[in-house]
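Data first, discussion second: the structure below is written as C-alpha cells.
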Amino acid sequence: NAGVTQTPKFRVLKTGQSMTLLCAQDMNHEYMYWYRQDPGMGLRLIHYSVGEGTTAKGEVPDGYNVSRLKKQNFLLGLESAAPSQTSVYFCASSPQNEQFFGPGTRLTVL
Amino acid sequence: AQSVTQLDSQVPVFEEAPVELRCNYSSSVSVYLFWYVQYPNQGLQLLLKYLSGSTLVESINGFEAEFNKSQTSFHLRKPSVHISDTAEYFCAVSRTTRGGADGLTFGKGTHLIIQP
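Quick note, the sequences are listed as chains A and B, same order.
In case it helps, my numbering puts the first sequence at residues 1 to 110.
In case it helps, my numbering puts the second sequence at residues 111 to 226.
What follows is the structure, given as C-alpha cells:
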C-alpha cells in the first residue's frame, strides 16, 4: 500500500495563477483533510471531508476550494494564488480517531 | 473550540539524558490526544495517542505520555534520548464526536535538539 500520496511535491506559482493539489489514499478511509504548515504556527486545518461528495470548512478556508468526487481522492484548489499562501500543504486520511499524513507539497507563490 | 499550547518552542538536551515536552490543551468537550513527530523534510508520523482507558500511553521507541484530565495536560517524556530523536514534535487534539471527524487542532510544535 502506498498510503497517502500527494502530487506535486513542489510548485512555484506567480501571484494570480491557479493550481490544484491532489491527495490520494488507498486505505479506504472515510475522512480526508487538508492542512497547511507555516513556521512557528504548527498545522492548521483548511478543509476536510467526512465522505465522498461532502466537504466542510476548517480553521483557515479562505482562498481555497476542495472537492471529493471519489472516496480515494481529495483535491485542494487555489483559484488565484497569493504570496500568503506560500506554505507546506499536508493531506491526511483517517478511518476514525487516528490520521495518516502524506509527505507534503511545498508551494511558493511569488 | 479547542486549543493546544506547547510551552517550549525548542528543547536542547544532551544525548542519553531524560526529556519532557510539555503540552496543555483547552476544550469544552471531551477530546482525544495525540503526539506526532516530524523529521526534517518529511510528513508527520503518529508517535502515540490517548483515546480512552489507561492514562499512560507508550510508543514502541521509548516515549510515553500521560493524560492528566485535572491539569488538562498530555506531556511527552523519554528517559534517555538518542541523536535520532532530533525532530519537531507536535501535540494535537480532536473532539471525540464522530471519531474525531472534524480534524485535529495542533500546537505550534517543539523542536527537540539532541546534543552529543
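Note that the Cβ used here is the ideal one computed from N, Cα and C, for glycine as well.
Being a predicted model, the structure only gives us computed values, none of them experimental.
- About 5 angstroms separates the beta carbons of I224(B) and E125(B), which is inside the 8 angstroms limit, making them a contact pair.
- For Q181(B), the secondary structure class from DSSP, reduced to helix, strand or coil, is coil.
- Restricting attention to beta strand (DSSP E) runs no shorter than 3 residues, the segment 20-50 of chain A encloses them at 31-38, ordered along the chain.
- M27(A) is outside the set of residues whose beta carbon lies under 8 angstroms from a beta carbon in chain B.
- Annotation for L13(A): the continuous beta strand (DSSP E) segment containing it runs 10-13.
- For Y149(B), there is no enclosing beta strand (DSSP E), as DSSP marks it with neither H nor E.
- In this structure, the straight-line span from the alpha carbon of A175(B) to that of V191(B) is close to 15 angstroms.
- Interface residue (Cβ-Cβ distance to chain B less than 8 angstroms): L107(A) is not classified as such.
- Separation of N97(A) and E79(A) (C-alpha to C-alpha, rounded to the nearest whole angstrom) is 31 angstroms.
- Against chain B, the beta carbon of L45(A) has neighbours under 9 angstroms at D212, G213, L214, T215, F216, listed in chain order.
- Proximity of P103(A) to chain B, defined by a Cβ-Cβ separation below 8 angstroms, is satisfied.
- When 8 angstroms is used as the limit between beta carbons, K159(B) is near these residues of chain A: N97, E98, in chain order.
- Ranking T54(A), G16(A), K9(A), P39(A) by CA distance to the CA of V109(A) puts G16(A) first.
- In this structure, S169(B) places its C-beta atom within 8 angstroms of the C-beta atom of L158(B).
- Chain A has a Cβ within less than 8 angstroms of the Cβ of G209(B).
- CA-CA distance, Q181(B) to S136(B), rounds to 10 angstroms.
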